Each structure stands twice: as structure tokens, then as C-alpha cells.
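Read the structure below first, then the notes.
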Amino acid sequence: MPLGGGRLQPLASLDYSRIDGEAFAELGDTGLELVGEASRRSRLAAALGARYSRHWRRLWLELEAQRHQALQAAAPVHAGFRAAPAGRFRLPDPQPRGGATLGLRLGGPLEHRWEWDLACLREDGRFEARPGLARGF
6 MPLGGGRLQP LASLDYSRID GEAFAELGDT GLELVGEASR RSRLAAALGA
56 RYSRHWRRLW LELEAQRHQA LQAAAPVHAG FRAAPAGRFR LPDPQPRGGA
106 TLGLRLGGPL EHRWEWDLAC LREDGRFEAR PGLARGF
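For the sequence shown, this note's numbering gives the first residue as 6, with consecutive numbering after it.
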């Protein structure tokens, strides 16, 4: 949909992922070695957001905002110490249950079909900036 000289697009996604992990055991004879069970971690997540893009003669701009949420979280994975197998504990989930992503991308043409861009992304409290240079053929 046109908006302010640019274009606004709604975004929606549904994502399924699965990671199979083998059991593990640290080597040693102290009794403090970690022993973990095999795992199958599956996750179903959804995201909603919007992207705004605007192009001028020597510059273009893209803004994106998304909110993502796990609909079905992975089953917990447990580990314990070899000397105390009854004292198992839950390993933390490496993926957050929900969060937000904000993105900004600027770019423009250079000479001889080259383009530059700068992408900035803030996701789940982390910030990343990536400069880029590309050549068209």
C-alpha cells in the first residue's frame, strides 16, 4: 500500500524448526562430569510485522518491525552429574519464547553498477550493524 511516497507492506510468518541432539558425557573420573540425555527440540513460532520502503534517486530506505512469539516451545533437556544421576537439572532453552526485531537499512547506487548499503538490526536486546558493497552484473 502506498504511504508517504513509499510503500508499506504487512508481514506474517509461521516457522517450524527441529533439532535432534545426541546424548553426551564428559570424560573424567571425579564424578563431577556432566551427562546429558538425547533430545529432540521442535518449535513452532509465528511473527507479525510491517516493512516500509522508500526510494529516491541516489538513496533508498527500508524500515522493518516484527514481533515474534513461540506457539509451541521445545521440550526441556536435562543433564546431571555422573556421581549423582538423581540430581538432574534442566538446561536453559537457547531460544527466547518471544521478542521483537527492528531493522533499518540505507543504501544507494555508486558508479559502474556498484551499490552500498548499511543494515542495522536490533533483535531481542542485541544490536548489529553491517556495512555492505555489491556489484550488479
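From the three backbone atoms N, C-alpha and C, an ideal C-beta is built for every residue, glycine too. Note that the structure is predicted; figures quoted are calculated from it, not measured.
- Residue 83 is classed as exposed because its beta carbon has fewer than 16 other beta carbons within 10 Å across all chains shown.
- For residue 82, the secondary structure class from DSSP, reduced to helix, strand or coil, is coil.
- Measuring C-alpha to C-alpha distances from residue 60 to each of 42, 112, 44 and 77 identifies 112 as the nearest.
- Under the 8 Å Cβ criterion, the stretch 81–95 does not count as touching the stretch 62–70, having fewer than three qualifying pairs.
- Between the beta-carbon of residue 19 and that of residue 31 there is about 38 Å, and that puts the pair past the 8 Å contact cut.
- As DSSP reads the structure, residue 136 sits in a beta bridge with 123.
- With a cut-off of 8 Å on Cβ pairs, the stretch 70–77 is not in contact with the stretch 115–126, counting fewer than three such pairs.
- Under the three-state reduction of DSSP output, residue 65 falls in the strand class.
- Residue state for residue 12 is assigned as strand, using DSSP reduced to three classes.
- In the three-state reduction of the DSSP assignment, residue 59 falls in the strand class, which pools E and B.
- For residue 41, the uninterrupted beta strand (DSSP E) segment begins and ends at 39–41.
- Separation of the CB atoms of residue 53 and residue 72 is rounded to 6 Å, and the pair is thereby assigned contact status at 8 Å.
- Judged by their CB atoms, residue 51 and residue 28 are not nearer to each other than the 9 Å cut-off.
- Excluding the 5 residues flanking it on each side, residue 12 has same chain C-beta neighbours closer than 8 Å at 6, 57, 58 and 59, in chain order.
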